[in-house]
Every structure is written in structure tokens, then in C-alpha cells.
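Student: Taking full-length UniProt numbering, the leading residue of the sequence shown gets 1, the next gets one more, and so forth.
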Amino acid sequence: MDEDDAEDEYAEEEGEDEEDYDVGESEERSEEESEGYGVEEEDAYSEVDDREATDLDDEEGGDATKSLDKGFHMAAAESTAEQDAFSTPDWQTGGFQVPYDLIRSEQSRGRWTIAKKERFPAAISEFNSPDEMDADEIVLWQEHIWVGQRRELPDHRSTPIVYAPKSLAYSNNLKTFSLPKTAPRSDGLPVFQANSPHYISINEQQRAQLEMLSNNKEDPCMALLELLNAYDVLRPYQFPVEKWPEISGKMPHIKSKIPYECSALDQLTSYPTLWLTTPFFDYLDPVHFYHGLSNTLAWCHTRNWRHAPTNTVAGGPYGIKWPIIILILIRHNYQRLARLSINETSPVPAGIRAEWTARDEDQFLAVINDIAATLNSCSVLVETYTERQIPNADPEAAIASAHDKYKVSVAQIKLVEPLDHDDPWH
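1. Rounded to a whole number of angstroms, what is the C-alpha to C-alpha distance between ILE330 and SER294?
2. Please confirm if GLY292 has its CB atom under 8 Å from at least one CB of chain B.
3. Using the rule of at least 16 other Cβ atoms within 10 Å of the residue's Cβ for burial, across every protein chain shown, is ARG235 buried or exposed?
4. Please list the terminal residues of the continuous alpha helix (DSSP H) segment that includes ASN304.
5. Do you know how far the Cα of LEU365 is from the Cα of PRO220?
6. Would you identify the three-state DSSP class for ASP219, choosing helix, strand or coil?
7. Measure the CB-CB distance between TYR292 and GLN238 and report whether it falls below 8 Å.
8. Name the two residues that bound the continuous alpha helix (DSSP H) containing ARG104.
9. Please classify GLN205: is it buried, with 16 or more other beta-carbons within 10 angstroms of its beta-carbon, or exposed?
10. Thinking C-beta only, is ASN304 closer than 8 Å to ILE247?
11. What did DSSP end up calling THR312 once you bin it into helix, strand or coil?
12. Measure the Cβ-Cβ separation of LEU210 and ILE328 and say whether it is below 8 Å.
13. In its own chain, which residues sit with a C-beta less than 8 Å from the C-beta of SER186, not counting the 5 before and 5 after it?
14. Quick test of your reading: GLN335 and ASN215, contact by CB under 8 Å. State the CB separation rounded to the nearest angstrom.
15. Between THR296 and VAL313, is the Cβ-Cβ spacing less than 8 Å?
16. What's the call for ALA244, buried or exposed, on a 16-neighbour Cβ count within 10 Å?
17. Looking at ILE103: is its Cβ nearer than 8 Å to the Cβ of ALA122?
18. VAL139 and TYR260: beta carbons closer than 8 Å?
19. Please classify GLN267 as buried or exposed, where buried requires at least 16 neighbouring CB atoms within 10 angstroms.
20. Name the DSSP beta bridge partners of MET282, please?
21. My output table needs one value for PRO121: the three-state DSSP class, helix, strand or coil.
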């Protein structure tokens, strides 16, 4: 071998070393690029894996950088998912987000072309983004949507629905089986869908809380909860929400804001401590008469909640449930005061009348007995229950739609008879 050939061979070996070094740099750059594409370190190949893959590719004459393609494949998958997320709403003729800013801008100008005002809950005056709603707004919307799903929206709150052609065909099919819309009853009692659930004034969890407050399940005021539960089933007249500001304005122990359908103790001004206001106990306070026991019991009397046409009491979210809750609250407060009065470490403050007299008990029981008797006097609700039901048309419509392609006349039916030579037995 001459000297020139030796120099060429040495140069080739040195070039191969430089190529190996370049592969290492490519490996480092690829790892950095992979991190830029969102690939975490634990998802990348280890150095040992890369080295083995590089040696294997070198032996087979392949490209060592193939082992570094993992990050790029993942980035491509992420890009595909992103494109799919963007294209799906467009394919479904939708947009990327609800135009809350545009809706708010319209409302500020007194326009309601996007979101109709009549579709809002009664207590909501403007439409905000769900991200900007407070807890009260969210609950109001939740209750409003549930009421709509149960088909319990009153006539003045409902609005026409614009149907797609297929949906319109189904809606028209339903109408053929629906009973004519019933006119409001002269006695004011509600009509209801036969399969719709009745309103529950006090749910099981709330009842357990009230029983803990009384600390005596045999207390007469606790018996009212059982009567109220049975009364709800009969679908009584609902106390109108429009009258809530008036009735709540006469009771300082209840918040004046419109309660939720599921409200109970949270609607009390004493919540969460559940201590009645100091003027309730302090007979020297200038507003004691307004806050005190006598006025509170008078507010709880059934004459304030009576539905004259049927001689029953009004139920529902704004009805007779509130006097019952107030009575249990009074019993709870005097039980707490009785425990404090015998505790020398925390005496009752001056001016607070902690004793519960026999006269107080008589007045208290008189109101309880009056409510119990009225809840039991519900024969008119029982007698009219069946006639107030609206049968559900959906099952009949489903049966009809399953047979709508059947031929209904002889002229539409084509009989097929086999010819003689088609008879396989001849």
C-alpha cells in the first residue's frame, strides 16, 4: 500500500467518526425538538435504547435517526386531534363558542334576538356566561332547566320551538295523539302530566337536618313533616311566586329573595347559626313585637296560606313548608336557650327571655294543630286528582310510528302468486 492510499483510508475513517458525532448532535437536537412538541422526558428513548438502535441501523446500513421519530409521530397525532376538534363544530354547522359578549351587548341595547328574554328564569334579568355566574344564578338556571324538562313551565313562560323537518314530522305525529290543551281549572288547582314527578317540599336530607334540630321525633311540630310529604303527592295549589315578596316582607326570619325549589334552612336569615334574631327574645328591644313569638306565630297561621276556592293551603316552593320550618326553628332555639340557662359558664344575656311558658306552649300547639288539620282536609285534592292528570302521548306515538309504513288500503297492496311452473313440487 503506498502512502497516498494510506492517507485516503485514514481520511475516510476520520469522516466516519465525524458522522457518528453528527448523529449524536442530531440526537440531542431531536430530543430538544421533541420536548418542544410536548413530549415528556419519560416518553423519550433512553440513551441506551438510542445507542442500541444506532448500532443496529449502522450494521444494517439504515438511518440511525429513525429511532428519534417517536416525538414527531406524537406531535403529528396531536395535530390531527387538534384539527379534528376544530373541524367537527364546523362540520356540524356550529361555532367554536357561545357568543356571550354579543348576547350581553345586545341586552345592553334592549335587544333580545339571540337569547329571548321570555326564556330566562323569572329571577334572572340578564344572561351571563356560566363562567361569570354566581352560585345563586347557577342554581336558578339549573332549576329552570329541570322544570322545562318536566314540562312544568307555565303557559306565559313557554315559547314556540322551531323544529327541523324530521323533528317537525315527529312533533306533528305527537299532536295527533295528544289531548286538546286543557283550559285552566275554575278552582285554580294545577293540572299535570301523568308521568311527571310531584314537587317535594322537604327532601330526606333536609328532613334529617330538621329532626336533628328538634332532637325529638315525637315533637308535634315534627309530625307536620309527614303530613306535608303526603300533601305534596296530591298536587295542591301552588303558592304564586309573585306574592313571595309580600309574604316574606312580613317575616324578618326569612330572606326576601325568591327561594330555590330545593331551599329550606338556607333561606332563613339566621342560617347557618340558626339563632333567631336578638329582638325575638329581647322584650325591651323596640322591634320586639315585629320579631317576637306572637307575630311569628300569627304569620305561620294557615289563614295567610289558604287557597279560598278549594279551602286548602297553598303548597309548592313558596307555600306552607315555610311556616313548618319556622315552627321547628322556634322549638330548636328555646331548647338551646334552656341548655344555656343552666350553664353557669355561659349565662343568658340580660334582657333575653329564656323561659318557655305554658301560655307560649299553648299558642305554639294551636298553630301546629291548625296546620295539621288543614293538611288533613284535602278531600277536594283526592277527588279531583284523576281528572287533573294529562295522559302521556309518547307511548302511543311510538307505536304509531312503528307502523306508519304499513299499507292501509287494498289498492296499495300487491299480491304475488307463484306460477304453476314455479312450483318446486311439480
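The beta-carbon is built from N, C-alpha and C at its ideal position, and this holds for glycine as well.
Tutor: The structure says:
1. 12 Å
2. In the structure shown, chain B does not exist; there is a single protein chain.
3. buried
4. Where ASN304 is concerned, there is no enclosing alpha helix (DSSP H), given that its DSSP letter is neither H nor E.
5. 8 Å
6. coil
7. With the sequence shown as reference, residue 292 is identified as Gly, and Tyr is not the correct amino acid for it. In this structure, GLN238 does not lie closer than 8 Å to GLY292 by Cβ.
8. 100 to 108
9. exposed
10. yes
11. strand
12. yes
13. PRO309
14. 6 Å
15. no
16. Residue 244 is actually Trp in this sequence, not Ala. That one is buried.
17. no
18. yes
19. buried
20. According to the sequence shown, residue 282 is Asp rather than Met. DSSP, once it has assigned bridges, lists ILE352 as partnering ASP282.
21. coil
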